[in-house]
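Below is one structure, written out as structure tokens, with a few remarks after it.
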């Protein structure tokens, strides 16, 4: 029995599977969120990142942030600390943070579903007068 459309359908399915694997993706979460009353979101570029505490200024803890950057195919860029920093700044900005402190990075991991994964964590804070 011959099915004339099978080669065409197989080619379309292969193309769709290949194209869908070209996008990278990331996830994020926030624990212990404490939002200040009606504060606008900050611009991501204005969120300061620090691997240590900022004990010289008073601040309000907004929450602990976890972000993950994933490489979904061999053709995407390998996740870097800079990529994680951008995601930490974006998530901090959503919370209205002035800074993300205690920034930590995981190790580059590989799994069945990712060609590379890098996790970052930090604490979003808002400076108080």
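In mature numbering (1 follows the signal peptide of the UniProt record, and there is no 0), the protein residues as written are -23 to -1, 1 to 106.
The C-beta atom is built at its ideal place from N, Cα and C for all residues, glycine as well.
Keep in mind that this is a model prediction, so the values were computed, not measured.
From residue 56 to residue 91, what does the alpha carbon distance come to, in whole angstroms?
Here residue 56 refers to the residue found at position 79 of the chain shown. Here residue 91 refers to the residue found at position 114 of the chain shown. Taking the straight line joining both Cα atoms gives about 11 Å.
Taking DSSP's pairing of strands, which residues face residue 76 in a bridge?
On the chain shown, residue 76 is found 99 positions in, with the first residue counted as 1. DSSP output for residue 76 lists 25 and 102 as bridge partner(s).
Going by the CB atoms, is the gap between residue 87 and residue 100 shorter than 7 Å?
Position 123 of the chain shown holds residue 100. Position 110 of the chain shown holds residue 87. No, the pair does not count as a contact, with Cβ atoms beyond the cut-off.
For the beta strand (DSSP E) that residue 40 lies in, which residues bound it at each end?
The count along the chain shown starts at 1 and reaches residue 40 at position 63. Per DSSP, residue 40 belongs to the beta strand (DSSP E) from 36 to 48.
Do we get a CB-CB distance below 7 Å when we pair residue 57 with the residues of chain B?
Of the protein chains in this structure there is only one, and it is not chain B.
Which residues in the same chain have their Cβ closer than 7 Å to the Cβ of residue 18, if we skip the five residues on either side of it in sequence?
Taking the chain shown and counting its residues from 1, the one referred to as residue 18 is at position 41. Counting only Cβ-Cβ distances below 7 Å, and skipping sequence neighbours, we find 70, 71 and 73.
Of the residues 30, 29, 38 and 44, the one placed nearest residue 60, counting alpha carbons only
Along the chain shown, read from residue 1 onward, the residue named residue 60 stands at position 83. Comparing Cα-Cα distances from residue 60 to each of 30, 29, 38 and 44, the minimum goes to 44.
Go through its chain and collect everything with a Cβ distance to residue 27's Cβ below 7 Å, but skip five positions before and after it.
The sequence position of residue 27 within the chain shown is 50, counting from 1. Taken in chain order, the residues that qualify are 76, 78 and 80.
Given residue 37, which residues of its chain have a CB within under 6 Å of its CB, disregarding the five upstream and five downstream residues?
Stepping through the chain shown from its first residue, residue 37 is reached at position 60. Counting only Cβ-Cβ distances below 6 Å, and skipping sequence neighbours, we find 103 and 105.
By how many angstroms is the C-alpha of residue 41 removed from the C-alpha of residue 30?
Taking the chain shown and counting its residues from 1, the one referred to as residue 30 is at position 53. Taking the chain shown and counting its residues from 1, the one referred to as residue 41 is at position 64. The straight-line gap from Cα to Cα measures roughly 13 Å.
With DSSP run on the structure shown, which of helix, strand or coil describes residue 69?
As a working note, residue 69 is residue 92 in the chain shown. Looking at residue 69 - three-state DSSP - the assignment turns out to be helix.
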